[in-house]
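Contents: one structure, followed by commentary.
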Amino acid sequence: MATLESPTRTELRIEGMTCASCAVRIEKKLNKLESVKATVNYATDAAAVSYDPARVTVEELVGAVEAAGYRAASRDGEATGDSTRSLRHSLLLAAALTVPLTAIAMIPPLQFGGWEWVAFALATPVVFVSGFRFHRAALVNARHATATMDTLISIGTLAAWGWSLVALAALEDGHTYFEVAAVITTLILLGRFFEVRARRRSGAAIRALLELGAKEARVLRDGREVVVPFDELAVGDRFVVRPGEKIATDGVVEEGFAAVDQSMLTGESVPVEVGPGAEVAGATINTSGRLLVRATRVGGETALAQIARLVAEAQAGKAPIQRLADRVSAVFVPVVMGISLATLVAWLLVSGDPAAAFTAAVAVLIIACPCALGLATPTALMVGTGRGAQLGILIKGPEILEQTRRVTTIVLDKTGTVTEGRMSVADVIPAPGVEPAEILRLAGAAEDASEHPIARAIAQRAREDLGQLPLTESFTNRAGLGIEAVVNGHAVLVGRPSFLADWGLEFSEGLVTARAEAEREGKTVVAVAWDGETRGLLAVADRIKPTSAEAVAELRSLGLTPVLLTGDNEATGRAVAAQVGIERVLANVLPHEKEAEIRRLQEAGEAVAMVGDGVNDAPALAQADLGLAIGTGTDVAIEASDLTLVSGDLRAAADAIRLSRKVLGTIKGNLFWAFAYNDAAIPLAVVGLLNPIIAAAAMAVSSLFVVSNSLRLRRFSSRREGDGGQSPRRPQPKLEVEPA
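Start counting the sequence shown at 12; every next residue gets the next number (our numbering).
This is how it looks when you write it as structure tokens:
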């Protein structure tokens with residue numbers, strides 16, 4: 012199979028799958044095509060396919076599925092039928108005939124002369140009409156020299172019906188099993204009907220998310236508000252959002268102030284205040300005030316659409332533990348058929364009782380159907396990822412779940428993760444004989460050309476105090492250290508004190524003392540020099556996020572050791588760490604060194620999770636065993652991570668790890684139940700201690716148990732839901748930030 016550089020992705024809807032074995036077979040068929048990489052999900056009845064359109068067409072993909080004996084359509088194609096409606100009709104017919112049949116067969120006073128022929132008349136439509144889907148699938152499987160759950164059901168019910176007909180027509184006082192064939196068919200149809208409904212519920216969270224989008228927008232055209240459908244919006248359109256209305260698409264506020272409820276994206280209930288220049292997301296709700304918004308992203312590029320796509324991709328994937336279940340399912344059915352045949356022969360040889368031999372063999376076939384095995388992983392993934400999306404937690408793929416269990420250490424980038432990342436100049440400390448305004452004027456002008464958060468804070472303070480800034484004649488950025496610039500003929504240096512020291516510049520005793528005091532308070536110190544002399548210091552302050560200390564405590568409760576990673580000096584880093592309850596600090600780490608720090612921890616035997624939000628965090632996020640990107644950060648950081656936290660609340664990191672571990676635990680519980688059920692029940696059936704009717708009921712119950720167990724994940728809760736991201740128990744501490 013060819014390796015794709017940038018494959019085209021599509022999703023096929025699959026009809027006709029009845030167990031994990033079906034999904035495995037379709038997957039193998041698709042993956043035999045050139046350039047195709049496919050994953051088939053039994054729980055979602057879908058195939059996620061990556062392929063090269065120059066080598067394979069969608070029609071060929073659909074043809075491969077149909078060649079395997081199933082029906083398929085592209086995601087945008089027409090539905091090939093309503094399987095739920097058909098299943099309901101089959102179930103109603105089967106139930107209507109099976110109830111009187113069972114009553115006649117099980118209640119002796121109702122057994123009039125020739126009642127067996129009435130039983131035959133009632134059972135035949137159940138087996139061959141309501142149960143036709145099983146026999147058709149079994150025939151298709153036989154043509155492809157394979158066997159699935161339908162093969163077991165078909166053989167079991169036909170054997171019961173056929174033996175009964177022979178006994179009725181040719182044997183005197185032959186015991187019939189018409190009620191067994193009918194009840195098995197009805198119970199399995201009932202179990203499958205409830206299973207389909209439960210599986211639909213398991214995907215309800217993401218469907219509800221997709222339906223949250225606005226249906227129309229009030230677009231400004233020639234100064235007038237014109238209501239247009241959502242899908243007619245284009246980038247650059249300006250639209251009005253009134254109080255109580257949904258924001259139609261992602262955009263930037265141009266006019267107005269309002270409080271916007273973003274809970275559907277972030278999981279936090281407290282509205283966020285927005286004004287001119289603020290970015291807003293589509294489908295969020297304007298709770299107060301009138302906004303004029305300019306559309307920046309529409310259609311599939313919006314935040315909501317990207318969340319839905321990430322969740323769908325995660326649901327389509329397979330955890331490593333599921334691949335083991337798939338391999339077991341692929342060989343399970345043939346093995347069970349062999350066990351059933353051996354049971355029949357052994358009973359005939361040992362007891363000589365054909366009825367007992369037949370009963371035991373049919374019970375083996377029915378009890379062993381691997382429905383629960385195929386549903387164990389995908390249903391838990393569907394519910395878990397959907398619930399995560401509601402809480403603003405995006406799990407990129409099912410393989411990530413395994414990593415959350417292994418992690419021992421969590422590295423937290425300071426700026427924008429533990430702190431708010433919005434710096435301001437707290438103090439201007441001049442050297443003797445230097446005016447503070449001159450420090451701000453030259454440093455502000457030099458930093459105005461930089462995009463670094465600290466540089467923006469310095470430039471903003473200079474403008475606020477002094478107004479117009481002089482032009483910068485030249486500018487050179489030294490990543491992680493500082494900048495060199497020429498302003499009004501002065502050669503200006505602004506950056507770390509160590510950066511100026513590298514130039515051979517010295518600090519007066521007063522500046523050294525002031526620096527030490529500022530760093531003890533957790534402030535970041537920026538040194539300013541021009542014309543070969545150190546002229547003063549700027550103390551830049553940030554604020555710790557109000558929930559960071561609580562988040563660190565939650566991470567500790569999960570058995571993780573938190574580590575603070577900062578480009579700032581040791582004193583500042585420790586001041587910040589002390590306020591949030593972190594003991595270990597990695598300080599003075601330049602942007603390009605973050606990845607190396609993660610690698611060093613891994614080489615020391617730690618399984619490392621990394622939380623960050625900046626461009627310079629992306630390599631470290633990718634290197635970590637588990638990367639968590641704060642969603643308020645950059646796209647490149649989000650792309651490099653394994654988990655995305657849509658909100659900026661660090662507590663979401665603890666929620667993400669708790670949820671991932673909960674999903675993994677549910678999957679393992681489901682698989683244990685599925686395996687244990689078969690391991691325990693098959694021997695009982697072999698020795699004749701399991702009636703086929705009880706076996707059919709138990710098989711249906713096992714599938715429902717697995718799906719219901721997965722649905723419990725919908726009750727997963729976060730503390731953020733209760734306070735909207737504001738911790739009522741902890742004060743909001745002050746703090747400072749790094750030049751990273």
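Glycine is no exception: its CB is placed at the ideal position from the N, C-alpha and C atoms.
Contact check, residue i vs residue j, beta carbons under 8 Å
{"i": "V251", "j": "G288", "result": "no"}
{"i": "G493", "j": "F518", "result": "no"}
{"i": "V207", "j": "G395", "result": "no"}
{"i": "G506", "j": "I440", "result": "no"}
{"i": "I378", "j": "A692", "result": "yes"}
{"i": "A102", "j": "A58", "result": "The sequence shown places Leu at residue 102, rather than the Ala named in the question. Contact flag unset, no."}
{"i": "G300", "j": "G255", "result": "no"}
{"i": "H155", "j": "G80", "result": "yes"}
{"i": "G623", "j": "A607", "result": "no"}
{"i": "T260", "j": "T313", "result": "yes"}
Residues that residue i bridges to, as DSSP identifies them
{"i": "E62", "result": "In the sequence as presented, Glu is not what sits at residue 62; that position holds Tyr. Answer is T19, bridged to Y62."}
{"i": "K541", "result": "One detail in the question is off: residue 541 reads as Trp in this sequence, not Lys. Bridge partners of W541: V503 and E544."}
{"i": "M160", "result": "Looking at the DSSP assignment, M160 forms no beta bridge with any residue, so it has no partner."}
{"i": "E495", "result": "T487 and L504"}
{"i": "S435", "result": "A552"}
{"i": "I404", "result": "L656"}
{"i": "A423", "result": "The residue you asked about is not Ala; residue 423 is Leu in the sequence shown. Paired residue(s): L575 and V622."}
{"i": "S299", "result": "A270"}
{"i": "T535", "result": "V551"}
Anticipated Cβ contact below 8 Å, residue i with residue j, distance rounded
{"i": "K257", "j": "A294", "result": "6 Å"}
{"i": "P573", "j": "L423", "result": "6 Å"}
{"i": "T483", "j": "A466", "result": "Actually they do not touch by this definition, with Cβ atoms about 12 Å apart."}
{"i": "E617", "j": "T428", "result": "Not a contact, Cβ separation roughly 19 Å."}
{"i": "L566", "j": "A442", "result": "Incorrect: roughly 43 Å between the Cβ atoms, too far for contact."}
{"i": "A564", "j": "E581", "result": "About 24 Å; that fails the 8 Å criterion."}
{"i": "T113", "j": "V60", "result": "Contact doesn't hold; Cβ gap of about 45 Å is too wide."}
{"i": "D553", "j": "T430", "result": "4 Å"}
{"i": "A635", "j": "A615", "result": "Actually they are not in contact, since the Cβ atoms of A635 and A615 sit about 14 Å apart, beyond 8 Å."}
{"i": "T50", "j": "E38", "result": "7 Å"}
{"i": "G578", "j": "G491", "result": "6 Å"}
{"i": "K40", "j": "V76", "result": "7 Å"}
{"i": "H501", "j": "W541", "result": "4 Å"}
Beta-carbon contacts of residue i that lie in its chain and below 7 Å, excluding the five residues immediately before and after
{"i": "L569", "result": "A665, I668 and R669"}
{"i": "G262", "result": "V291, V304, R305, A306 and T307"}
{"i": "A158", "result": "N152, V344, P345 and M348"}
{"i": "E5", "result": "Outside the shown range of the chain (12 to 751) lies residue 5, about which nothing can therefore be said."}
{"i": "V238", "result": "E227 and R229"}
{"i": "G88", "result": "Reliability fails at G88, whose pLDDT of 43 lies under 50, so the model's placement of it is uncertain and the value that follows must be treated cautiously. So the list is empty, once near-sequence residues are dropped."}
{"i": "V515", "result": "The sequence shown places Gly at residue 515, rather than the Val named in the question. There are no such residues."}
Contacts around residue i, its chain only, beta-carbon distance under 6 Å, and the 5 residues preceding and following it disregarded
{"i": "T487", "result": "E495"}
{"i": "A586", "result": "G533"}
{"i": "T91", "result": "Summary for T91: the model assigns pLDDT 39, below 50, so the residue's position carries little reliability; its value from the coordinates is reported in the next sentence. These residues qualify, in order along the chain: E26, R82 and A84."}
{"i": "V73", "result": "A83"}
{"i": "L571", "result": "I421"}
{"i": "P447", "result": "V439 and P441"}
{"i": "G399", "result": "I406 and L670"}
{"i": "L302", "result": "V252, V264, G267 and A269"}
{"i": "V498", "result": "L453, A456, A457, P481 and T483"}
{"i": "D161", "result": "T29, F145, A148 and A149"}
Close Cβ partners of residue i (< 8 Å) along its chain, the five nearest in sequence each way excluded
{"i": "G363", "result": "none"}
{"i": "N4", "result": "Residue numbering for the chain in the displayed model covers 12 to 751; residue 4 lies beyond these limits and cannot be assessed."}
{"i": "W684", "result": "A383, A387, S713, F716, V717 and N720"}
{"i": "P136", "result": "L104 and L108"}
{"i": "T68", "result": "none"}
{"i": "I404", "result": "G278, L654, T655, L656, V657, A663, D666, A667 and L670"}
message: Does the structure place the segment 690–705 close enough to the segment 364–373 that three or more beta carbon pairs sit under 8 Å?
response: Yes, they touch.
query: Between the segment 400–414 and the segment 532–548, are three or more C-beta pairs nearer than 8 Å?
result: The way I'd put it, the segment 400–414 doesn't touch the segment 532–548; fewer than three beta-carbon pairs between them come closer than 8 Å.
- prompt: Can you find at least 3 beta carbon pairs, one from the segment 184–196 and one from the segment 137–146, that sit closer than 8 Å?
  reply: They touch, by the three-pair rule.
message: Contact between the segment 226–244 and the segment 162–175 is defined here as three or more beta-carbon pairs at a separation below 8 Å; is this criterion met?
response: no
message: Quick check: the segment 718–728 against the segment 652–660, are at least 3 beta-carbon pairs closer than 8 Å?
response: no
query: Would you call the segment 131–142 and the segment 101–111 in contact, with 3 or more CB pairs under 8 Å?
result: yes
- prompt: Using 8 Å as the threshold, is the segment 585–599 in touch with the segment 464–478, meaning 3 or more CB pairs across them?
  reply: no
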